[in-house]
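What follows is a short report on a single structure.
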Amino acid sequence: MTQDELKQAVARAALDYVAEGDIIGVGTGSTANFFIDELGTVPNRIKGAVASSEATAARLKSHGISVFDLNQVERMSVYIDGADEINHRGAMIKGGGGALTREKIVASVADRFICIADASKLVEVLGKFPLPVEVIPMAVAVVSRRLTSFGATPALRMKDGKPYITDNGCHIIDASGLEIIDPVTLEVKINDIPGVVSVGLFARKGADVCLLGTADGVKTLMF
Ligand code: 5RP
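Under numbering that gives the first Met the number 0, the first residue of the sequence shown is numbered 0, with each subsequent residue one higher.
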């Protein structure tokens with residue numbers, strides 16, 4: 000099976016976690032896109048969704064799914080999203096697609112985080128994938144120096160020759176070279192740097208369930 004077929008399989012399996020009439024949280028990225036397309040096959044099953052990015056909102060709407068502002072929604076049963084890496088305790092690196100802050104906000108309102116990922120995302124130790132950190136533009140240099148002091152090699156994310164701009168008007172520093180043995184402590188430490196909007200470590204509130212696409216089928220990991 001190709002990686003895309005594995006992503007599609009977990010996206011389809013995630014529909015089982017979507018209850019009739021619910022408002023759900025929806026993530027960003029290629030796996031989340033497969034999930035949105037699956038939702039599009041049963042558009043009347045849910046009342047609507049809260050999107051974690053402008054791109055996700057547009058794709059949901061293109062399928063006729065109502066998109067709610069988070070300020071209109073008090074709680075959601077599930078938040079469904081992909082990950083760049085996930086460990087055996089449900090801690091994740093996210094933000095490869097640049098939507099980490101809104102992903103973290105929307106996920107915080109959901110009772111359960113359902114991670115959908117192909118098997119390549121499951122790792123023993125987080126950190127091979129560069130850790131995204133969203134920062135206020137004026138703080139890029141100071142935050143980069145602090146990340147260097149933590150042992151990382153920071154790189155400002157670029158797009159079309161210019162610093163990448165998030166949906167929140169901020170920049171992203173990708174911190175590579177980290178071996179993240181204690182994700183909860185590192186999440187708190189990086190969040191605490193003035194100028195950081197959010198860090199793409201989802202450890203304090205990680206995944207509750209991971210639907211992992213493997214050659215032997217979709218495996219369900221519970222944390
Ligand atoms: C976007 C994310 C994505 O969930 C993550 O990058 C995984 O993406 P993909 O499903 O395309 O592999 O965090 O900000």
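Ideal Cβ placement from N, Cα and C applies to all residues, glycine included.
Counting the other Cβ atoms within 10 Å of the Cβ of GLN71 gives fewer than 16, which makes it exposed. Taking C-beta separations shorter than 7 Å and ignoring five residues to either side along the sequence, the partners of MET221 in its chain run VAL208, following chain order. If only uninterrupted beta strand (DSSP E) runs of at least 3 residues are considered, those enclosed by the stretch 45 to 105 are 47 to 50, 75 to 80. Around the beta carbon of GLY216, fewer than 16 other beta carbons sit within 10 angstroms, so the residue counts as exposed.
By the Cβ neighbour-count rule, PRO193 is exposed, with fewer than 16 other Cβ atoms within 10 Å of its own.
Positions of the alpha helix (DSSP H) runs, each at least 4 residues long and wholly inside the stretch 156 to 207, are given as 182 to 190 in order along the chain.
When only Cα atoms are considered, ILE92 and ARG156 end up about 16 Å apart. Rounded to whole angstroms, the Cβ separation of HIS62 and ILE35 is 6 Å, and the two are in contact under 8 Å. Within its own chain, the residues whose Cβ lies closer than 7 Å to the Cβ of ALA214, once the five positions on either side in sequence are excluded, are MET0, listed in chain order. Taking a 10 Å sphere around the C-beta of HIS87, we find fewer than 16 other C-beta atoms and assign the residue as exposed. In this structure, LYS103 sits near SER197, with a CB-CB distance shorter than 7 Å.
Under the 8 Å Cβ criterion, the stretch 138 to 155 does not count as touching the stretch 115 to 123, having fewer than three qualifying pairs. Contact check for ALA174 against VAL132 passes: the beta carbons are separated by less than 7 Å. If the five residues before and after PRO136 are omitted, its C-beta is found closer than 6 Å to the C-beta atoms of HIS170, all from its own chain and listed in chain order.
Residues ALA90, PRO182, VAL183, GLU186 of the same chain have their beta carbon placed closer than 6 Å to that of ALA202, with the five preceding and five following residues left out of the count. Short note on LYS158: C-beta not closer than 6 Å to any heavy atom of the ligand 5RP.
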